[in-house]
């Protein structure tokens, strides 16, 4: 297995020696993780498969290989956790409108996965819906420490579906209804993070791909959600799979009743 540095150097050499090719459309806020494997991308409709990397993609690969973990000095990390909560609006009513915690009804169903590579694998998924938890690398002296900031909100995990092939979409047999709590500002800064795993019997499970997207996009988007997930294989960014599901994401409105100048009459008979 090649080290990450060797993989990047090999990718840079290929970029210099080969003419540029049209890159396929990238999903927003895409992050793909996992170690390099000797797996070739399956030819698929629309010319999907391996792509040469330019310098921007190489930098993105370095970021994705660490699953999007930001790096800070110890002083920067202390400043990060001491930052006050974000506010919006000048008047009190306007600030309350944006920061007031609200209730949201969430239903996720009809979850499917389409394998885009030749290898069959036993798949399961993890969903982190909302929350501010983020892992980061903190440089303290000569050591690199892993810290996590923020907190989780809603965690979901699907059952394991064995032998997912590239013959067509496979139903994950998963449906979940729950309540999300957050303000309008939370919708902008919190995300839905999806991890696709390969389940292995006698060793550690293997992370195949990671995808994340702001909750605001999902709250204002279509009910049917379809996203492509990518991974890096031998220095190339290849489409690993496509996931699709239906998502109902709607605010539950609360009403407050105020009684003015009320009185009780004939309490006792």
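Numbering (our numbering), first residue to last: 818 to 1086.
Glycine included, C-beta positions come from ideal geometry on N, C-alpha and C.
DSSP assignment within the region 906-930 yields the following whole alpha helix (DSSP H) runs of 4 residues or more, N-terminal first: 909-916. The beta carbon of residue 923 lies closer than 6 Å to those of 995, 997, 1066 in the same chain, with the five residues before and after it left out. Spanning the alpha carbons of residue 1029 and residue 1006 requires a straight line of approximately 12 Å.
The DSSP assignment places 951-957, 960-966, 969-974, 978-981, 993-999 as complete runs of the beta strand (DSSP E) inside the region 948-1005, in order along the chain (cut-off: 3 residues). When the alpha-carbon of residue 939 is set against those of 977, 1050, 1040, 1024, the nearest one is in 977. Between the alpha carbons of residue 1059 and residue 1049 lies a gap of roughly 15 Å. In this structure, residue 1035 sits away from residue 1003, with a CB-CB distance that is not shorter than 9 Å. By the neighbour-count criterion, in which a residue is buried when 16 or more other Cβ atoms sit within 10 angstroms of its Cβ, residue 934 is buried.
When 919, 887, 929 are compared, the shortest CA-CA separation from residue 1046 is found for 929. Taking C-alpha positions only, residue 907 is separated from residue 1076 by approximately 30 Å. The beta carbon of residue 980 is closer than 7 Å to those of 937, 939 in its chain, skipping five residues each way along the sequence. Taking a contact as a CB-CB distance under 8 Å, the pair residue 971 and residue 932 does not count as one, their CB atoms being some 27 Å apart.
Of the other Cβ atoms in all chains shown, fewer than 16 fall within 10 Å of the Cβ of residue 965; this residue is therefore exposed. Straight through space, the alpha carbons of residue 910 and residue 945 are spaced by roughly 31 Å. When C-alpha distances from residue 950 are compared across 921, 968, 1011, the shortest belongs to 968. Only residues of its own chain outside the window of five on either side were considered, and among them none has a CB closer than 8 Å to the CB of residue 1021. In terms of Cα proximity to residue 987, the closest of 1018, 927, 888, 895 is 927.
Here residue 1038 is exposed, its C-beta having fewer than 16 other C-beta atoms within 10 Å. Residue 1019 counts as exposed, since fewer than 16 other C-beta atoms from the protein chains shown sit within 10 angstroms of its C-beta.
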